[in-house]
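Per numbering that gives the first Met the number 0, the very first residue in the sequence shown carries number 0; after that it's consecutive. To start, the structure itself, in C-alpha coordinates.
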Amino acid sequence: MKIGVVGIGDIARKAYLPITTRIKEIDLYIYTRNLDTQVSIKQEYNGVVICNTLEELLKCDLDAVMIHSATDSHYQLCKYFLESHIPVFVDKPVSMDLNEVEELFLLAQSNNTLFRTGFNRRYAPTIKNAHSFGTPQVIFYQKNRHNLPGSLKSYIFDDFIHVIDTVRFLMHEEIVDLKVKHLSNEKGTYSVNVFITGETVSCNALMFRDSGITEEKIDLHYSNKKVMINNLDTSHQCINNKEIHNSVSSWTTTLEKRGFTDLINEFLKDLKNSPKFLLKDNDSLETHRICNKIYNLITSK
0 MKIGVVGIGD IARKAYLPIT TRIKEIDLYI YTRNLDTQVS IKQEYNGVVI CNTLEELLKC
60 DLDAVMIHSA TDSHYQLCKY FLESHIPVFV DKPVSMDLNE VEELFLLAQS NNTLFRTGFN
120 RRYAPTIKNA HSFGTPQVIF YQKNRHNLPG SLKSYIFDDF IHVIDTVRFL MHEEIVDLKV
180 KHLSNEKGTY SVNVFITGET VSCNALMFRD SGITEEKIDL HYSNKKVMIN NLDTSHQCIN
240 NKEIHNSVSS WTTTLEKRGF TDLINEFLKD LKNSPKFLLK DNDSLETHRI CNKIYNLITS
300 K
(Lines of atoms letter the chains of each structure in order from A and count residues from 1; the text may use other names and numbers.)
(Lines give C-alpha, C1' and ligand atoms only; values in the text may rest on other atoms or scores of the structure.)
Protein backbone atom coordinates (compact mmCIF):
# COMPACT_ATOMS: atom_id res chain seq x y z
CA MET A 1 0.00 0.00 0.00
CA LYS A 2 1.09 3.55 -0.75
CA ILE A 3 0.70 5.83 2.26
CA GLY A 4 1.24 9.57 2.09
CA VAL A 5 2.47 11.49 5.13
CA VAL A 6 1.89 15.22 5.69
CA GLY A 7 3.50 16.94 8.66
CA ILE A 8 6.91 15.78 9.90
CA GLY A 9 6.89 17.31 13.35
CA ASP A 10 7.41 15.95 16.83
CA ILE A 11 4.38 13.65 16.90
CA ALA A 12 5.19 12.10 13.51
CA ARG A 13 8.84 11.47 14.40
CA LYS A 14 8.15 10.11 17.89
CA ALA A 15 4.90 8.17 17.47
CA TYR A 16 4.16 7.33 13.83
CA LEU A 17 7.28 7.05 11.66
CA PRO A 18 9.01 4.58 14.04
CA ILE A 19 6.06 2.25 13.41
CA THR A 20 5.07 2.86 9.79
CA THR A 21 8.64 2.73 8.45
CA ARG A 22 8.95 -0.83 9.80
CA ILE A 23 5.84 -2.18 8.10
CA LYS A 24 6.99 -4.01 4.99
CA GLU A 25 3.57 -3.94 3.32
CA ILE A 26 3.54 -0.15 2.91
CA ASP A 27 5.57 2.43 1.00
CA LEU A 28 5.76 5.93 2.44
CA TYR A 29 5.46 9.11 0.38
CA ILE A 30 6.36 12.08 2.56
CA TYR A 31 5.44 15.67 1.78
CA THR A 32 7.70 18.39 3.16
CA ARG A 33 9.15 21.55 1.66
CA ASN A 34 11.78 21.89 4.37
CA LEU A 35 15.13 20.95 2.82
CA ASP A 36 16.73 20.06 6.17
CA THR A 37 13.81 17.78 6.97
CA GLN A 38 14.07 16.14 3.57
CA VAL A 39 17.75 15.38 4.18
CA SER A 40 17.23 14.04 7.71
CA ILE A 41 14.30 11.85 6.68
CA LYS A 42 16.27 10.33 3.79
CA GLN A 43 19.21 9.66 6.12
CA GLU A 44 17.07 8.10 8.84
CA TYR A 45 14.65 6.06 6.72
CA ASN A 46 15.65 4.21 3.59
CA GLY A 47 13.22 3.89 0.73
CA VAL A 48 10.84 6.75 1.52
CA VAL A 49 9.81 9.01 -1.35
CA ILE A 50 9.96 12.78 -0.78
CA CYS A 51 7.35 15.03 -2.41
CA ASN A 52 7.81 18.79 -2.64
CA THR A 53 4.17 19.74 -3.23
CA LEU A 54 0.76 18.39 -2.28
CA GLU A 55 -0.05 18.09 -5.98
CA GLU A 56 3.00 15.88 -6.43
CA LEU A 57 1.90 13.76 -3.45
CA LEU A 58 -1.63 13.41 -4.82
CA LYS A 59 -0.27 12.08 -8.13
CA CYS A 60 1.44 9.15 -6.35
CA ASP A 61 -1.69 6.98 -6.57
CA LEU A 62 -2.01 6.88 -2.79
CA ASP A 63 -4.07 4.33 -0.89
CA ALA A 64 -4.32 6.73 2.06
CA VAL A 65 -2.74 9.77 3.65
CA MET A 66 -1.75 10.32 7.29
CA ILE A 67 -1.91 13.94 8.45
CA HIS A 68 0.30 14.93 11.41
CA SER A 69 0.57 18.66 10.75
CA ALA A 70 -0.46 21.54 13.05
CA THR A 71 -4.12 21.50 14.05
CA ASP A 72 -4.99 24.73 12.21
CA SER A 73 -3.99 23.08 8.91
CA HIS A 74 -6.08 19.91 9.39
CA TYR A 75 -9.30 21.18 7.86
CA GLN A 76 -7.84 22.28 4.52
CA LEU A 77 -5.60 19.20 4.24
CA CYS A 78 -8.34 16.72 5.10
CA LYS A 79 -10.73 18.41 2.69
CA TYR A 80 -8.12 18.39 -0.08
CA PHE A 81 -7.62 14.62 0.11
CA LEU A 82 -11.20 13.61 0.93
CA GLU A 83 -12.43 15.54 -2.12
CA SER A 84 -10.06 13.35 -4.14
CA HIS A 85 -11.50 10.23 -2.47
CA ILE A 86 -8.23 9.51 -0.66
CA PRO A 87 -8.75 7.82 2.77
CA VAL A 88 -7.47 10.01 5.60
CA PHE A 89 -5.97 9.37 9.02
CA VAL A 90 -5.62 12.61 11.01
CA ASP A 91 -4.31 13.41 14.47
CA LYS A 92 -6.79 14.68 17.03
CA PRO A 93 -8.38 17.12 17.06
CA VAL A 94 -9.69 17.14 13.51
CA SER A 95 -10.26 20.86 14.08
CA MET A 96 -11.06 23.22 16.97
CA ASP A 97 -14.04 24.45 14.94
CA LEU A 98 -16.94 22.00 15.24
CA ASN A 99 -18.49 23.27 11.99
CA GLU A 100 -15.32 22.25 10.15
CA VAL A 101 -15.28 18.85 11.85
CA GLU A 102 -18.88 18.15 10.91
CA GLU A 103 -18.29 19.32 7.34
CA LEU A 104 -15.37 16.92 6.95
CA PHE A 105 -17.29 13.95 8.32
CA LEU A 106 -20.19 14.76 6.01
CA LEU A 107 -17.77 14.96 3.07
CA ALA A 108 -16.19 11.61 4.01
CA GLN A 109 -19.61 9.99 4.23
CA SER A 110 -20.82 11.59 0.99
CA ASN A 111 -17.72 10.35 -0.82
CA ASN A 112 -17.83 7.04 1.07
CA THR A 113 -14.17 7.48 2.03
CA LEU A 114 -12.43 6.16 5.15
CA PHE A 115 -11.81 8.96 7.67
CA ARG A 116 -10.03 8.04 10.91
CA THR A 117 -9.10 10.22 13.91
CA GLY A 118 -6.04 9.23 15.96
CA PHE A 119 -7.32 8.64 19.48
CA ASN A 120 -4.54 6.35 20.67
CA ARG A 121 -5.66 5.75 24.27
CA ARG A 122 -8.51 3.48 23.17
CA TYR A 123 -5.80 1.10 21.95
CA ALA A 124 -3.56 1.14 25.04
CA PRO A 125 -3.49 -2.40 26.53
CA THR A 126 -4.49 -1.22 30.01
CA ILE A 127 -7.46 0.74 28.62
CA LYS A 128 -8.58 -2.08 26.32
CA ASN A 129 -8.41 -4.52 29.23
CA ALA A 130 -10.56 -2.24 31.41
CA HIS A 131 -13.00 -1.77 28.51
CA SER A 132 -13.45 -5.55 28.32
CA PHE A 133 -14.97 -5.59 31.82
CA GLY A 134 -18.08 -3.80 30.57
CA THR A 135 -19.84 -0.76 32.00
CA PRO A 136 -18.47 0.45 35.35
CA GLN A 137 -20.64 2.21 37.91
CA VAL A 138 -18.16 5.02 38.59
CA ILE A 139 -15.15 6.43 36.67
CA PHE A 140 -12.56 8.86 38.06
CA TYR A 141 -10.15 10.10 35.39
CA GLN A 142 -7.45 12.68 35.99
CA LYS A 143 -4.81 13.79 33.49
CA ASN A 144 -2.54 16.35 35.14
CA ARG A 145 0.40 18.39 33.91
CA HIS A 146 3.11 20.36 35.63
CA ASN A 147 3.04 24.16 35.29
CA LEU A 148 1.21 24.29 31.94
CA PRO A 149 -1.81 26.62 32.08
CA GLY A 150 -2.98 27.67 28.62
CA SER A 151 -5.71 29.07 26.43
CA LEU A 152 -9.09 27.45 27.05
CA LYS A 153 -9.71 26.27 23.49
CA SER A 154 -6.32 24.59 23.13
CA TYR A 155 -6.65 23.18 26.65
CA ILE A 156 -9.89 21.41 25.75
CA PHE A 157 -9.39 20.45 22.10
CA ASP A 158 -5.67 19.61 22.11
CA ASP A 159 -5.40 17.87 25.47
CA PHE A 160 -8.59 17.37 27.48
CA ILE A 161 -10.17 15.79 24.39
CA HIS A 162 -8.15 12.64 25.22
CA VAL A 163 -9.83 12.43 28.62
CA ILE A 164 -13.32 12.89 27.17
CA ASP A 165 -12.79 10.33 24.41
CA THR A 166 -11.39 7.72 26.78
CA VAL A 167 -14.18 8.26 29.33
CA ARG A 168 -16.75 7.82 26.54
CA PHE A 169 -15.00 4.62 25.44
CA LEU A 170 -14.98 3.19 28.97
CA MET A 171 -18.61 4.17 29.70
CA HIS A 172 -20.11 1.82 27.10
CA GLU A 173 -23.14 4.14 26.98
CA GLU A 174 -24.15 7.60 25.85
CA ILE A 175 -23.69 10.73 27.95
CA VAL A 176 -27.01 11.89 29.39
CA ASP A 177 -25.83 14.99 31.23
CA LEU A 178 -22.67 16.88 32.08
CA LYS A 179 -21.66 19.78 34.30
CA VAL A 180 -18.43 21.77 34.16
CA LYS A 181 -16.20 23.60 36.62
CA HIS A 182 -13.10 25.47 35.50
CA LEU A 183 -10.42 27.69 37.02
CA SER A 184 -8.12 30.23 35.37
CA ASN A 185 -5.66 32.96 36.33
CA GLU A 186 -3.32 35.40 34.60
CA LYS A 187 -1.42 32.45 33.07
CA GLY A 188 -4.57 30.97 31.53
CA THR A 189 -6.87 28.04 32.26
CA TYR A 190 -5.34 25.59 34.70
CA SER A 191 -8.23 23.35 35.76
CA VAL A 192 -11.23 21.81 33.99
CA ASN A 193 -13.44 19.39 35.91
CA VAL A 194 -16.38 17.72 34.15
CA PHE A 195 -19.06 15.69 35.90
CA ILE A 196 -20.65 13.23 33.48
CA THR A 197 -23.63 10.94 33.90
CA GLY A 198 -24.94 8.18 31.69
CA GLU A 199 -27.90 5.89 32.21
CA THR A 200 -26.03 3.74 34.75
CA VAL A 201 -22.58 5.29 35.18
CA SER A 202 -21.25 8.50 36.72
CA CYS A 203 -17.86 9.99 35.84
CA ASN A 204 -15.52 12.68 37.09
CA ALA A 205 -13.11 13.83 34.35
CA LEU A 206 -10.41 16.22 35.56
CA MET A 207 -7.41 17.95 34.08
CA PHE A 208 -5.26 20.09 36.36
CA ARG A 209 -2.39 21.78 34.52
CA ASP A 210 -0.71 23.51 37.46
CA SER A 211 0.12 20.28 39.24
CA GLY A 212 3.31 19.21 40.97
CA ILE A 213 3.59 16.26 38.59
CA THR A 214 2.63 15.13 35.09
CA GLU A 215 0.47 12.04 35.52
CA GLU A 216 -2.55 10.16 34.21
CA LYS A 217 -4.72 8.07 36.52
CA ILE A 218 -7.99 6.24 35.98
CA ASP A 219 -10.07 4.51 38.66
CA LEU A 220 -13.03 2.40 37.58
CA HIS A 221 -15.47 0.97 40.10
CA TYR A 222 -17.65 -2.08 39.44
CA SER A 223 -19.67 -4.21 41.84
CA ASN A 224 -17.07 -5.76 44.20
CA LYS A 225 -14.25 -4.75 41.84
CA LYS A 226 -11.99 -1.73 41.31
CA VAL A 227 -9.53 -1.19 38.46
CA MET A 228 -6.74 1.39 38.79
CA ILE A 229 -4.67 2.45 35.77
CA ASN A 230 -1.53 4.53 36.24
CA ASN A 231 0.08 6.39 33.32
CA LEU A 232 -1.32 3.78 30.89
CA ASP A 233 1.40 1.23 31.69
CA THR A 234 0.38 -0.34 35.02
CA SER A 235 -2.95 -1.63 36.25
CA HIS A 236 -4.21 -2.91 39.60
CA GLN A 237 -7.42 -4.78 40.31
CA CYS A 238 -9.07 -5.07 43.69
CA ILE A 239 -11.64 -7.87 43.86
CA ASN A 240 -13.44 -8.70 47.11
CA ASN A 241 -10.79 -6.79 49.07
CA LYS A 242 -7.86 -8.61 47.43
CA GLU A 243 -5.40 -6.74 45.20
CA ILE A 244 -4.04 -8.09 41.92
CA HIS A 245 -1.17 -6.25 40.22
CA ASN A 246 -1.14 -6.29 36.41
CA SER A 247 1.77 -4.71 34.55
CA VAL A 248 2.24 -4.49 30.84
CA SER A 249 5.10 -6.78 29.81
CA SER A 250 8.57 -5.24 30.07
CA TRP A 251 9.04 -6.26 26.43
CA THR A 252 6.15 -4.02 25.38
CA THR A 253 7.39 -0.84 23.71
CA THR A 254 6.31 2.61 24.86
CA LEU A 255 4.39 3.12 21.63
CA GLU A 256 2.51 -0.14 22.21
CA LYS A 257 1.76 0.83 25.81
CA ARG A 258 0.32 4.15 24.65
CA GLY A 259 -1.80 2.52 21.96
CA PHE A 260 -0.11 3.88 18.83
CA THR A 261 0.90 0.49 17.42
CA ASP A 262 -2.59 -1.01 17.51
CA LEU A 263 -4.14 2.29 16.39
CA ILE A 264 -2.04 2.28 13.23
CA ASN A 265 -2.44 -1.46 12.63
CA GLU A 266 -6.24 -1.24 12.86
CA PHE A 267 -6.33 1.68 10.43
CA LEU A 268 -4.20 -0.22 7.92
CA LYS A 269 -6.30 -3.37 8.41
CA ASP A 270 -9.54 -1.45 7.81
CA LEU A 271 -7.96 0.28 4.81
CA LYS A 272 -6.89 -3.05 3.33
CA ASN A 273 -10.38 -4.51 3.80
CA SER A 274 -12.10 -1.47 2.30
CA PRO A 275 -11.25 2.21 1.74
CA LYS A 276 -14.89 3.13 2.39
CA PHE A 277 -16.33 5.17 5.26
CA LEU A 278 -16.99 3.18 8.45
CA LEU A 279 -19.81 4.13 10.80
CA LYS A 280 -17.60 3.46 13.84
CA ASP A 281 -15.51 6.52 12.89
CA ASN A 282 -18.51 8.74 13.65
CA ASP A 283 -17.72 8.11 17.31
CA SER A 284 -14.81 10.55 17.17
CA LEU A 285 -17.20 13.18 15.79
CA GLU A 286 -19.29 12.78 18.96
CA THR A 287 -16.16 13.32 21.09
CA HIS A 288 -15.56 16.62 19.28
CA ARG A 289 -19.19 17.59 19.88
CA ILE A 290 -18.90 16.90 23.62
CA CYS A 291 -15.69 18.97 23.81
CA ASN A 292 -17.41 21.81 21.99
CA LYS A 293 -20.29 21.62 24.47
CA ILE A 294 -17.83 21.84 27.37
CA TYR A 295 -16.13 24.85 25.78
CA ASN A 296 -19.48 26.59 25.23
CA LEU A 297 -20.65 25.90 28.79
CA ILE A 298 -17.49 27.56 30.14
CA THR A 299 -17.47 30.56 27.80
CA SER A 300 -21.18 31.26 28.24
CA LYS A 301 -20.80 31.87 31.98
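Even glycine gets a Cβ: it sits at the ideal position worked out from N, Cα and C.
Residue i classed as buried or exposed, judged by whether at least 16 other C-beta atoms fall within 10 angstroms
i    : result
R21  : exposed
K186 : exposed
T199 : exposed
K142 : buried
S72  : exposed
L34  : exposed
G46  : exposed
S68  : buried
T298 : exposed
R144 : buried
L301 : The chain is shown from 0 up to 300; residue 301 falls before or after that span and cannot be answered.
I40  : buried
Contact set for residue i: own chain, Cβ-Cβ below 6 Å, skip 5 residues either direction
i    : result
D261 : Y122
D282 : none
L296 : V179
S201 : V137
G258 : N119, R120, Y122, A123
D232 : V247, K256
L105 : none
D218 : F139, M227
Expected contact under 8 Å - CB spacing of residue i and residue j to nearest Å
i    : j    : result
T19  : I25  : 6 Å
A63  : F276 : No, A63 and F276 are not in contact; Cβ-Cβ is about 13 Å, not under 8 Å.
L169 : I138 : 6 Å
M206 : D269 : Contact flag wrong, Cβ pair sits at about 30 Å.
I243 : Q236 : 4 Å
I66  : C77  : 6 Å
R115 : F80  : Their Cβ separation, rounded to whole angstroms, is 12 Å, which puts R115 and F80 out of contact at 8 Å.
Y28  : G3   : 5 Å
T134 : H171 : 4 Å
A129 : V226 : 5 Å
Y154 : V191 : 7 Å
Y30  : L56  : 5 Å
L103 : Y74  : 7 Å
P17  : L254 : 7 Å
Cutoff 8 Å; reference residue i; Cβ partners in own chain excluding five residues on either side
i    : result
N230 : E214, E215, K216
R167 : I174, D282, E285, T286, I289
T36  : I7
T188 : P148, G149, S150, L151, Y154, H181, L182, R208
V48  : D26, L27, Y28, I29, C59
Distance between residue j and residue i (C-alpha atoms, nearest Å)
i    : j    : result
S246 : T125 : 8 Å
Y15  : C59  : 20 Å
G8   : F132 : 37 Å
Q42  : T52  : 20 Å
S83  : T112 : 9 Å
P274 : I212 : 42 Å
F118 : D164 : 8 Å
S150 : Y294 : 11 Å
K241 : N146 : 37 Å
R208 : S183 : 10 Å
K1   : N223 : 49 Å
N110 : E99  : 16 Å
K23  : I263 : 14 Å
E101 : W250 : 40 Å
S234 : T252 : 16 Å
K300 : D90  : 30 Å
F266 : K13  : 18 Å
G197 : I238 : 24 Å
V38  : K271 : 31 Å
S210 : D280 : 34 Å
K292 : K127 : 27 Å
E54  : T70  : 21 Å
Own chain residues within Cβ distance below 7 Å of residue i, not counting five before or after
i    : result
F156 : P92, M95, C290
H220 : P135, Q136, V137
A204 : Y140, V162, I163, V166, V193, I195
R32  : N51
Short CB-CB distance (under 7 Å) between residue i and chain B
i  : result
G6 : Of the protein chains in the structure, only one exists, and it is not chain B.
Starting from the N-terminal side, write out each stretch of the beta strand (DSSP E) that is 3 residues or longer and does not extend beyond the segment 130 to 212. 137 to 143, 176 to 184, 187 to 196, 201 to 207
Ranges of the alpha helix (DSSP H) found wholly within the segment 23 to 103, counting only runs of at least 4: 34 to 43, 53 to 57, 70 to 81
For the segment 220 to 295, list the alpha helix (DSSP H) runs that are entirely contained and at least 4 residues long, ordered along the chain. 253 to 256, 259 to 272
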